[in-house]
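Trainee:
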Amino acid sequence: MAEDRGDAPQTGGGTAAAGRQRIDKWLWHARVVKTRSLAQKLAEAGHVRKNREKVDQSSDVVRLGDVLTITLPHRVLILKVSGFADRRGSAPEAQRLYEDLSPPPPPREAREPAPALRDPGTGRPTKRDRRRMDAFEPDPDDGF
1 MAEDRGDAPQ TGGGTAAAGR QRIDKWLWHA RVVKTRSLAQ KLAEAGHVRK
51 NREKVDQSSD VVRLGDVLTI TLPHRVLILK VSGFADRRGS APEAQRLYED
101 LSPPPPPREA REPAPALRDP GTGRPTKRDR RRMDAFEPDP DDGF
């Protein structure tokens with residue numbers, strides 16, 4: 001069947017050797033997202049553009065030289081596809097799959113520390129004071 005369409009034969013279900021790959025697999029292999037299902041959701045939600053065209057299917061194919069614009073929370077990535085992988089590798093291997101064309105993030109402004117809540121000269125907080133302060137702060141074990 002592959003010969004009828006003029007495509008290169010596919011071995012092992014992967015098309016990385018043929019110079020193309022599904023966009024959800026590529027996003028996962030390039031470590032843009034943590035899981036392949038997140039990559040599928042990202043593509044289907046319209047947060048990925050390929051060569052300035054919106055991608056609405058996770059099965060869309062990327063080729064060498066394609067420029068992907070990926071909108072993530074708090075940042076936008078612009079990546080040029082420079083390679084493919086048959087499996088998800090380490091971070092240095094993933095960085096070889098693309099050339100990062102993203103502009104540098106704007107510098108973060110240094111914020112002044114919050115003013116102390118205690119009046120100067122009152123000494124250290126007592127155990128009772130510390131318990132009252134802890135009641136207002138979220139527990140670090142809650143994951144917030």
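Mapping the sequence shown onto the UniProt record's numbering, position 125 (from 1) lands on 125, and the numbers just tick up by one.
Even for Gly, the Cβ is constructed at its ideal location relative to N, Cα and C.
Computed from a predicted structure; not experimentally measured.
1) Can you list, in chain order, the residues of its chain whose CB lies under 7 Å from that of ASP24, leaving out five sequence neighbours each side?
2) Does the beta-carbon distance from VAL62 to TRP28 come in below 8 Å?
3) How many Å lie between LEU79 and HIS47 at the Cα?
4) Just to confirm my understanding: we take ARG96, look at its own chain, exclude 5 residues before and 5 after, and list those with CB closer than 7 Å. What are they?
5) Which class does ASP119 belong to by DSSP, given the choice of helix, strand or coil?
6) With the cut-off set at 8 Å, would you say LEU64 and VAL81 are in Cβ contact?
7) When the Cα of ARG31 is compared with those of SER102, THR122, THR126, GLU93, which residue comes out closest?
8) For LYS50, count neighbouring C-beta atoms within 10 Å of its own C-beta (all shown protein chains included) and say buried if the count is 16 or more, exposed if not.
9) May I have a chain-ordered list of the beta strand (DSSP E) segments no shorter than 3 residues that lie completely inside the UniProt domain "RNA-binding S4" (21–82)?
10) I need the DSSP call for GLU100, collapsed to helix, strand or coil.
11) Where does PRO138 sit, in a helix, a strand or coil, going by DSSP?
12) For THR11, name the three-state secondary structure that DSSP assigns.
Mentor: On the basis of the supplied data:
1) ARG36, ALA39, GLN40, ALA43, SER58
2) Taking 8 Å as the cut-off, the beta carbon of VAL62 is found no closer than this to the beta carbon of TRP28.
3) 14 Å
4) Around ARG96, the same chain offers GLY83 as residues with beta carbons nearer than 7 Å, after the five sequence neighbours per side are excluded.
5) coil
6) yes
7) The residue with the shortest Cα to Cα distance from ARG31 is GLU93.
8) Burial of LYS50 is indicated by the presence of at least 16 other C-beta atoms within 10 angstroms of its C-beta.
9) Taken in chain order, the complete beta strand (DSSP E) segments of 3 residues or longer contained in the UniProt domain "RNA-binding S4" (21–82) are 48–50, 61–63, 67–72, 75–81.
10) According to the sequence as given, residue 100 is Asp; it is not Glu. DSSP places ASP100 in strand when its eight states are reduced to three.
11) DSSP, reduced to helix, strand and coil, places PRO138 outside both helices and strands of the structure shown, so it counts as coil.
12) Only weak support exists for where THR11 lies, its pLDDT of 37 falling under 50; the value from the coordinates is given anyway. Strand, per DSSP.
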